[in-house]
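Participant: Following this message is one structure expressed as C-alpha cells.
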Amino acid sequence: MLDMVLTTGVAHLTIGNLVMWLIAFFFIYLAITKNYEPLLLVPIGFGILMVNLPLTYLMEEGEGLLWRFYHYGLEWEIIPPLIFLGLGAMTDFGPMIANPKTLILGAGAQFGVYVAFFGALILGFKIPEACSIGIIGGADGPTTIYTTVHLAPHLLGATAVAAYSYMSLVPIIQPPIMRLLTTEKERKIKMRQLRPVSKREKILFPLVTVLVICLIVPASAPLMAMFMLGNLFKECGVVKRLSDAASNELMNIVTILLGVSVGATMSAERFLKWEVIFVFIMGLVAFAFSTAAGIVLAKFMNLFTKEKINPLIGSAGVSAVPMAARVSQVMGSKADPKNFLLMHAMGPNVAGVIGTVVAAGVFLALAG
Amino acid sequence: MTEVTAPMAGKIMDVKVEVGDTVNEDDELLILEAMKMEMPIVATASGKVKEIKCKKGDAVGADDVLVVIE
Numbered sequence: 022m023l024d025m026v027l028t029t030g031v032a033h034l035t036i037g038n039l040v041m042w043l044i045a046f047f048f049i050y051l052a053i054t055k056n057y058e059p060l061l062l063v064p065i066g067f068g069i070l071m072v073n074l075p076l077t078y079l080m081e082e083g084e085g086l087l088w089r090f091y092h093y094g095l096e097w098e099i100i101p102p103l104i105f106l107g108l109g110a111m112t113d114f115g116p117m118i119a120n121p122k123t124l125i126l127g128a129g130a131q132f133g134v135y136v137a138f139f140g141a142l143i144l145g146f147k148i149p150e151a152c153s154i155g156i157i158g159g160a161d162g163p164t165t166i167y168t169t170v171h172l173a174p175h176l177l178g179a180t181a182v183a184a185y186s187y188m189s190l191v192p193i194i195q196p197p198i199m200r201l202l203t204t205e206k207e208r209k210i211k212m213r214q215l216r217p218v219s220k221r222e223k224i225l226f227p228l229v230t231v232l233v234i235c236l237i238v239p240a241s242a243p244l245m246a247m248f249m250l251g252n253l254f255k256e257c258g259v260v261k262r263l264s265d266a267a268s269n270e271l272m273n274i275v276t277i278l279l280g281v282s283v284g285a286t287m288s289a290e291r292f293l294k295w296e297v298i299f300v301f302i303m304g305l306v307a308f309a310f311s312t313a314a315g316i317v318l319a320k321f322m323n324l325f326t327k328e329k330i331n332p333l334i335g336s337a338g339v340s341a342v343p344m345a346a347r348v349s350q351v352m353g354s355k356a357d358p359k360n361f362l363l364m365h366a367m368g369p370n371v372a373g374v375i376g377t378v379v380a381a382g383v384f385l386a387l388a389g
Numbered sequence: 002m003t004e005v006t007a008p009m010a011g012k013i014m015d016v017k018v019e020v021g022d023t024v025n026e027d028d029e030l031l032i033l034e035a036m037k038m039e040m041p042i043v044a045t046a047s048g049k050v051k052e053i054k055c056k057k058g059d060a061v062g063a064d065d066v067l068v069v070i071e
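So the sequence lines, in the order shown, correspond to chains P and S. All letters in the first sequence, in the order written, are residues 22 to 389 by the numbering used here. All letters in the second sequence, in the order written, are residues 2 to 71 by the numbering used here.
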C-alpha cells in the first residue's frame with residue numbers, strides 16, 4: 022500500500038511546488054481576468070503548473086516532453102527568431118521611415134538596459150547574468166529570452182516573466198514617469214502629420230537594415246535577419262501567403278511552444294531564490310530608466326531642432342509594441358484632446374525593437 | 002467653415018453627432034480606431050454640424066475630411 026502511495030505525485034509534493042502552483046494560478050488569473058499578456062501568460066502559467074508536478078519528469082533531460090520543447094525550441098535558438106519572423110510580418114516601419122529622427126529615440130531608450138546591467142553587476146551578478154537582466158529594459162520578450170538562453174539559462178524563467186510582466190504593465194509604469202519629466206506645455210506639442218511612405222522605401226528598408234545592422238553587430242543576425250525577412254514578406258506584396266503564415270499560424274504555434282517552454286523552466290528549485298527577486302527589481306529599474314531616457318532625449322533633441330518633438334513619444338522607444346505607443350497617445354490626448362501622437366510614437370516604438378536586438382547582439386558578442 | 006480631418010488612417014467605430022447638431026469645441030464627434038485603439042475625434046471649433054462625410058464602419062485615410070462644422 023505504502024509503495025503504491027509512493028508512486029503517486031502527491032507523496033512527493035513539496036511546499037515549493039505548491040508555491041509555484043500559486044504563481045501559476047496567479048498568472049492564469051491575470052491573463053484571463055485582467056487580460057495581461059494572455060497569449061503568453063496562459064501557456065507560461067500552465068507550463069509552471071506542469072513542471073511542478075512531481076514524478077512527471079516533463080523536464081527530464083533527454084526524455085521529458087517539455088524538455089524537448091525547451092531544448093529544440095529555445096536552446097537550439099529556433100523559437101525566438103521565428104517569433105521575430107512573425108513580428109516583422111506584423112510591423113509597419115512607415116512611421117519610422119517617415120521620421121528617421123525617431124530612430125535616435127529608439128536607440129536612446131536602451132539606456133535603461135545598460136543602467137540595469139551595471140546595477141546587476143553591483144548586486145553581485147556575473148557579467149552574463151547582468152546582460153540577461155539588463156536586456157529586460159528593452160521590454161522585448163523574445164530578445165530577452167534569446168539573450169538569457171545564451172548567457173544565463175538558469176535565469177530564463179525570471180527574466181522572461183519580468184519582461185512580459187513589465188510589458189503588460191506599461192500603462193501603469195510609464196505615465197507617472199512621463200508626467201514627472203514633461204511640462205503641460207510639452208505634452209501639448211502637436212506634431213506635423215507624417216509624410217506618406219512609398220512602397221519602394223518600405224521594400225528597401227528591411228534589405229538595407231539587415232545588411233547594415235548584421236555587418237555592424239553580427240551577433241544580432243538570427244533575430245534581425247528573421248525580423249527583416251518577415252517585414253520583407255509583408256511589404257513586397259507578392260508573398261501574401263508567406264506573410265499571413267508568418268504572422269498568424271506560425272506565430273501562434275511558436276507562441277504556444279515559447280510560453281510552455283518558459284513556464285517549464287520555472288520549477289520550484291530553480292525559481293524560488295532570492296536572486297529572482299533582484300532580477301525583478303533590476304528589470305523594473307531598467308524599464309523605468311529606458312522610459313525616462315527616451316523622454317529626456319526627445320527634450321534634448323528639441324533644443325536643436327526647429328520642428329519640435331512631443332517628448333511623450335520618447336517613452337515609446339522601450340519597444341513593447343504597440344502598448345508604449347498607445348500610452349503616448351493617451352497621455353498626449355489627455356493634455357489636449359486634439360493631439361494625436363499614436364503614429365508618431367510608432368516610430369520610436371518599432372525603432373526600439375531594433376535597438377533592443379542590437380543591444381542584445383552587443384551583449385552576446387561581449388559576454389557570449 | 003471648419004473641416005475636421007482624420008489624424009491618421011483608421012476605421013470609424015462610431016458617429017456621435019448628426020447633421021444640424023450644435024457642438025462646442027472639444028466635443029466628441031466620432032470614434033476612430035487605429036492600431037486596435039479607439040480614439041475620440043473632437044470638434045476643432047464650435048458651431049453647427051453641416052456635413053458628415055463618413056459613416057460607422059468606413060475605412061478612412063489620414064487627412065480625409067470627416068465632418069464639416071459651420
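No residue lacks a Cβ here, since even glycine has one placed at the ideal position from N, Cα and C. Remember, it's a predicted structure, so these values are computed and weren't measured experimentally.
Quick one: list the residues of chain P neighbouring Ala35(S), beta-carbon separation under 7 Å, in chain order.
Facilitator: By Cβ distance, chain P contributes Leu363.
Participant: Can at least three beta-carbon pairs, one atom from the segment 11-18 of chain S and one from the segment 56-63 of chain S, be found at a separation below 8 Å?
Facilitator: Touching, yes, given that three or more Cβ pairs across the two stretches are closer than 8 Å.
Participant: If you measure from the beta carbon of Met2(S) to each beta carbon in chain P, is any gap under 8 Å?
Facilitator: By this cut-off, Met2(S) is not an interface position.
Participant: What's the C-alpha gap between Leu176(P) and Leu293(P)?
Facilitator: Those two C-alpha atoms are separated by around 11 Å.
Participant: Do you know how far the Cα of Met212(P) is from the Cα of Glu205(P)?
Facilitator: Near 15 Å, if we compare the C-alpha coordinates of Met212(P) and Glu205(P).
Participant: Give the DSSP-derived three-state secondary structure of Leu67(S) in the structure shown.
Facilitator: Leu67(S) falls in the strand class under three-state DSSP.
Participant: Contact criterion: CB-CB distance below 8 Å. Does Met9(S) meet it with respect to chain P?
Facilitator: Chain P, which has a Cβ nearer than 8 Å to the Cβ of Met9(S), makes this yes.
Participant: Taking the Cβ atom as the reference point for each residue, do Leu385(P) and Thr203(P) lie within a distance shorter than 8 Å?
Facilitator: Cβ distance not < 8 Å, so Leu385(P) and Thr203(P) don't count as in contact.
Participant: Helix, strand or coil for Glu81(P), going by three-state DSSP, please let me know.
Facilitator: Coil.
Participant: Between the segment 40-71 of chain S and chain P, which residues of the former have a C-beta closer than 8 Å to a C-beta of the latter?
Facilitator: Those residues of the segment 40-71 of chain S that come within reach of chain P (Cβ to Cβ, closer than 8 Å) are Met40, Pro41, Val43, Thr45, Ala63, Asp64.
Participant: Helix, strand or coil, according to DSSP, for Leu95(P) in the structure here?
Facilitator: Helix, per DSSP.
Participant: Just to confirm, is the Cβ distance from Gly107(P) to Met272(P) under 8 Å?
Facilitator: Contact: yes.
Participant: Would you mind stating whether Ala314(P) and Gly129(P) have Cβ atoms separated by less than 8 Å?
Facilitator: Closer than 8 Å, so yes.
Participant: Quick check: the segment 155-175 of chain P against the segment 19-26 of chain S, are there 3 or more CB pairs under 8 Å?
Facilitator: Counting Cβ pairs under 8 Å, fewer than three are found: no touch.
Participant: Helix, strand or coil, according to DSSP, for Pro41(S) in the structure here?
Facilitator: Pro41(S): strand per DSSP, three-state reduction.
Participant: What does the alpha-carbon distance come out to for the pair Lys209(P) and Asn360(P)?
Facilitator: Rounded to the nearest angstrom, the two C-alpha atoms are 7 Å apart.
Participant: Which of helix, strand or coil does DSSP assign to Glu58(P)?
Facilitator: If DSSP states are grouped into helix, strand and coil, Glu58(P) belongs with coil.
Participant: Can you pull the chain P residues whose beta carbon is under 8 Å from the beta carbon of Asp27(S), in chain order?
Facilitator: Correct list: Pro358, Lys359.
Participant: Checking contacts by CB at 8 Å: is Met38(S) closer than that to chain P?
Facilitator: So, interface residue.
Participant: At a CB-CB cut-off below 8 Å, which residues of chain S make contact with Arg347(P)?
Facilitator: The contacting residues are Met36, Met38.
Participant: Sorted by chain position, which residues of the same chain lie with C-beta nearer than 8 Å to Glu84(P)'s C-beta, five sequence neighbours on each side aside?
Facilitator: Contacts found: Tyr78.
Participant: Using a 10 Å radius around the Cβ and a threshold of 16 neighbouring Cβ atoms, would you call Asp24(P) buried or exposed?
Facilitator: Looking at its Cβ environment, which holds fewer than 16 other Cβ atoms inside 10 Å, Asp24(P) is exposed.
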